[in-house]
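To keep things clear, I will list the structure first and then write my remarks on it.
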Amino acid sequence: MKRVLITGGAGFIGSHVVRLFVNKYPGYHIYNLDTLTYAGNLENLKDIEQKKNYSFLKADINDVEEMDKLFQTHQFDGVIHLAAESHVDRSITDPLAFVKTNVLGTLSLLEAAKKQWQSDFSGKRFYHISTDEVYGTLGETGLFTEATNYDPNSPYSASKASSDHFVRAYGETYGLPYVISNCSNNYGPNQFPEKLIPLFINNITHKQALPVYGDGNYTRDWLYVIDHAVAIDLIFQQGKNRETYNIGGFNEWKNIDLVKLLCQKMDEKLGRAAGESEQLITFVKDRPGHDLRYAIDASKIYRELGWKPSVTFEEGLVKTIDWYLEHETWLKNVTSGDYQKYYQKQYK
Ligand code: NAD
Ligand code: DAU
Numbered sequence: 535m536k537r538v539l540i541t542g543g544a545g546f547i548g549s550h551v552v553r554l555f556v557n558k559y560p561g562y563h564i565y566n567l568d569t570l571t572y573a574g575n576l577e578n579l580k581d582i583e584q585k586k587n588y589s590f591l592k593a594d595i596n597d598v599e600e601m602d603k604l605f606q607t608h609q610f611d612g613v614i615h616l617a618a619e620s621h622v623d624r625s626i627t628d629p630l631a632f633v634k635t636n637v638l639g640t641l642s643l644l645e646a647a648k649k650q651w652q653s654d655f656s657g658k659r660f661y662h663i664s665t666d667e668v669y670g671t672l673g674e675t676g677l678f679t680e681a682t683n684y685d686p687n688s689p690y691s692a693s694k695a696s697s698d699h700f701v702r703a704y705g706e707t708y709g710l711p712y713v714i715s716n717c718s719n720n721y722g723p724n725q726f727p728e729k730l731i732p733l734f735i736n737n738i739t740h741k742q743a744l745p746v747y748g749d750g751n752y753t754r755d756w757l758y759v760i761d762h763a764v765a766i767d768l769i770f771q772q773g774k775n776r777e778t779y780n781i782g783g784f785n786e787w788k789n790i791d792l793v794k795l796l797c798q799k800m801d802e803k804l805g806r807a808a809g810e811s812e813q814l815i816t817f818v819k820d821r822p823g824h825d826l827r828y829a830i831d832a833s834k835i836y837r838e839l840g841w842k843p844s845v846t847f848e849e850g851l852v853k854t855i856d857w858y859l860e861h862e863t864w865l866k867n868v869t870s871g872d873y874q875k876y877y878q879k880q881y882k
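What follows is the structure, given as structure tokens:
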């Protein structure tokens, strides 16, 4: 039985990856390692927690000794590393937390994997999940390719860029078999409502202001989270060692246009008058160092691994809205307590 460690599996993307692997590979044992920060939520995995080929390990990737011990005990064959601090706005107020988890936490996993695997690297793989933000910002035209130079602008993207470099360095220096993917903005069920789409779905539902940063003319390339999970599976199984794969939806939206579409769909779902939710749009102080535009050239993964997104943006957005409207308790649970303090600090 193959033993696969997935870090950050209680978070947004990680929970979809864990579910896909547990259901698709009964011959694998999937270990979900997560320390359960504010973003980690075992409710996301209720449907698979009883499966025989699944275990949850509550642990912090910053704990070097613990990582070493877990690698020795469970003899992982592969790692899919998603655990991270993931929100740009939080990285602006607390950059050290991002260096700690995203850089040092990645290093403690790399060390544990190297130590455990170095006598024989065959059949082993360290898969590092990264972001398109490492490439910095685009102007009005152009796309990020795998050859684009790194040029991160936020503490979050700088910490992810640094972790990408360390993964490559372990490949070059110690021969650790690795693969990296850099993905664009994900959306879908189970995303913590600090990110644009779930935050705005929640605020529209409760008729609260929709805080659009700056003039709203910032562009992101959106991908449905399950399509990302499918790409991760393909890369883990078939990607080439020491390669990078860019993942994106060829689906660029200016924030303001996306917010207007979301308002329109929510008005339809909630039986409100056309245009009602748009009135909640409020332009607020811009995010410092705000990247103007991200857009991924995903032709390598299309060409080499035959992957492409399975849903259109409108389909994905409607599925997402439906999920949040049907999971009121999930949303209520994650927006009580500390979330309120975060919200006050960030927006008031
Ligand atoms: P998330 O914030 O929803 O989840 C992160 C998970 O990591 C949480 O479950 C959290 O508890 C866990 N975690 C955090 N610190 C930890 C630690 N020290 N030890 C163990 N677990 C810890 O993040 P996400 O949006 O699901 O992103 C997952 C990964 O994908 C990240 O590496 C992120 O950089 C990358 N990524 C995200 C997006 C996106 O749009 N969300 C796009 C591209 C890449
Ligand atoms: O590109 C991939 C990245 O996408 C991931 O690596 C990150 O983990 C993920 O958080 C996301 O980063 P962004 O900063 O692009 O996502 P966010 O949802 O925070 O913001 C999307 C856009 O919306 C961005 O231009 C900022 C803007 N925004 C965001 C919030 C939270 C607003 O205008 N108002 C808001 O309140």
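The numbering of the sequence shown is my numbering, which starts it at 535 and goes up by one.
Ideal Cβ positions, reconstructed from N, Cα and C, are used throughout, including at glycine.
{"query": "Terminal residues of the alpha helix (DSSP H) in which Ser755 lies", "result": "A small fix is needed here, since residue 755 is Asp in this sequence, not Ser. Unbroken run through Asp755 is the beta strand (DSSP E), Thr753 to Tyr758; no alpha helix (DSSP H)."}
{"query": "Element boundaries [alpha helix (DSSP H), containing His563]", "result": "Looking at the DSSP string, His563 is not in any alpha helix (DSSP H); the run it does join, the beta strand (DSSP E), is Tyr562 to Asp568."}
{"query": "Member of Lys694, Leu744 and Phe555 whose CA lies at the smallest distance from the CA of Glu810", "result": "Leu744"}
{"query": "Any 3 or more C-beta pairs closer than 8 Å across the segment 672–679 and the segment 611–624", "result": "no"}
{"query": "Inter-residue Cα distance where the pair is Lys603 and Tyr565", "result": "14 Å"}
{"query": "Any non-hydrogen atom of ligand 2 closer than 6 Å to Ala754 Cβ", "result": "One point to set straight first is that residue 754 is Arg, not Ala, in the sequence displayed. True, at least one ligand heavy atom lies under 6 Å from that Cβ."}
{"query": "Paired residues, beta bridge with Thr665 - DSSP", "result": "Cys717"}
{"query": "Cys717 Cβ short of 6 Å to ligand 1 heavy atom set", "result": "yes"}
{"query": "Beta-carbon proximity check, Cys717 vs His762, cutoff 7 Å", "result": "yes"}
{"query": "Trp787 versus Lys658 - alpha carbon distance", "result": "38 Å"}
{"query": "Presumed contact (8 Å Cβ cut-off) between Ile835 and Tyr779, rounded CB distance", "result": "5 Å"}
{"query": "Endpoints, the beta strand (DSSP E) within which Ser589 is located", "result": "Tyr588 to Lys592"}
{"query": "Cβ pair count under 8 Å reaching 3, the segment 839–853 against the segment 682–698", "result": "no"}
{"query": "Start-to-end residues for the beta strand (DSSP E) that takes in Lys536", "result": "Lys536 to Thr541"}
{"query": "Beta-bridge partners of Asn780, as assigned by DSSP", "result": "Asn716"}
{"query": "Boundaries of the alpha helix (DSSP H) in which Phe847 is found, first to last residue", "result": "Phe847 to Glu860"}
{"query": "Check whether Leu796 and Phe700 have beta carbons under 7 Å apart", "result": "no"}
{"query": "First through last residue of the alpha helix (DSSP H) which encompasses Ile582", "result": "Where Ile582 is concerned, there is no enclosing alpha helix (DSSP H), given that its DSSP letter is neither H nor E."}
{"query": "Leu616 - partner residues in DSSP beta bridges", "result": "According to DSSP, which records beta bridges pairwise, Leu616 is partnered with nothing at all."}
{"query": "Beta-carbon spacing of Val551, Ile714 below 7 Å", "result": "no"}
{"query": "Residues near Leu641 in its chain [Cβ-Cβ closer than 7 Å; skip 5 each side]", "result": "Phe700"}
{"query": "DSSP three-state assignment for Pro745, whether helix, strand or coil", "result": "strand"}
{"query": "For Trp841, three-class secondary structure by DSSP", "result": "coil"}
{"query": "Start and end residues, alpha helix (DSSP H) containing Thr607", "result": "Val598 to His608"}
{"query": "Span of the beta strand (DSSP E), counted from its first residue to its last, around Glu786", "result": "Glu786 to Lys788"}
{"query": "Any non-hydrogen atom of ligand 1 closer than 6 Å to Ser620 Cβ", "result": "yes"}
{"query": "Inter-residue spacing [alpha-carbon to alpha-carbon] between Tyr684 and Glu667", "result": "9 Å"}
{"query": "Own chain, CB closer than 6 Å to His621, minus 5 neighbours either side, in chain order", "result": "Glu728"}
{"query": "Bridge-paired residues (DSSP) for Arg827", "result": "Leu672 and Thr753"}
{"query": "Within 7 Å, strictly: CB atoms of Gly574 and Asp568", "result": "yes"}
{"query": "Neighbour-count burial assignment, Arg754, 16 or more Cβ in a 10 Å radius", "result": "buried"}
{"query": "Extent of the continuous alpha helix (DSSP H) to which Phe546 belongs", "result": "Phe546 to Lys558"}
{"query": "Closer than 6 Å: Ile582 CB and nearest ligand 1 heavy atom", "result": "no"}
{"query": "Rounded distance between the beta-carbons of Asp820 and Tyr747, thought under 8 Å", "result": "5 Å"}
{"query": "C-alpha distance - Glu812 paired with Gln742, whole-angstrom precision", "result": "11 Å"}
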